[in-house]
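Structure first, then comments.
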Amino acid sequence: MGQQVFIGGEISFKSLRDYIFDHKLEKGDTIAIHPQNYEHILEEIKNSEEPIDIPVNVFGILIVKDTTDSVELGKVEIIKNEPLQ
């Protein structure tokens, strides 16, 4: 399991993109977000003039809806790409 962090404000596509860039997350890493935050991102994408693919992938980082009910509203969980042994 990954580490949950508060990214410093409302979770939006822009704030996730900035967090990924600022913290130099690597391709293959995943960010899990609370289902309400995920729905907000999807709504933001639908209303955007920019084409954004679903599933949401930013710089090779997959943005997913938390299905374990463990990510807190307003936080993200960073799941590092761990190679299988």
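Position 58 of the sequence shown, counted from 1, bears residue number 1431 in my numbering, the numbering being contiguous throughout. For glycine and all other residues, C-beta sits at the position ideal for the given N, C-alpha and C.
Member of the options whose CA lies at the smallest distance from the CA of residue i
i	options	result
Thr1440	Phe1394, Glu1412 and Ile1418	Glu1412
Asp1402	Leu1435, Ser1421 and Phe1386	Leu1435
Lys1438	Asp1395, Phe1394 and Glu1450	Glu1450
Gln1343	Ser1388, Ala1405 and Phe1394	Coverage of the chain is limited to positions 1374 through 1458, which leaves residue 1343 absent and any answer about it impossible.
Ile1393	Glu1416, Phe1432 and Phe1379	Phe1432
Status (buried if at least 16 other CB within 10 Å, exposed otherwise) for residue i
i	result
His1407	buried
Asn1420	exposed
Lys1446	Note that residue 1446 corresponds to Leu in the displayed sequence, not to Lys. Exposed, because fewer than 16 other Cβ atoms sit within 10 Å of the Cβ of Leu1446.
Asn1430	exposed
Residue i - partner residues in DSSP beta bridges
i	result
Gly1435	The residue asked about is misnamed: residue 1435 is Leu in this sequence, not Gly. Leu1435 pairs with Thr1403 and Asn1430.
Ile1380	DSSP lists no partner for Ile1380.
Ile1464	What the structure shows of the chain is the stretch from 1374 to 1458, and residue 1464 is not part of that stretch, so it cannot be assessed.
Any non-hydrogen atom of the ligand NAP closer than 7 Å to residue i Cβ
i	result
Glu1383	As presented, the structure is devoid of all ligands, the ligand NAP included, so that no description of it is given.
N-terminal and C-terminal residue of the beta strand (DSSP E) that residue i is part of
i	result
Glu1445	Where Glu1445 is concerned, there is no enclosing beta strand (DSSP E), given that its DSSP letter is neither H nor E.
Terminal residues of the alpha helix (DSSP H) in which residue i lies
i	result
His1396	Where His1396 is concerned, there is no enclosing alpha helix (DSSP H), given that its DSSP letter is neither H nor E.
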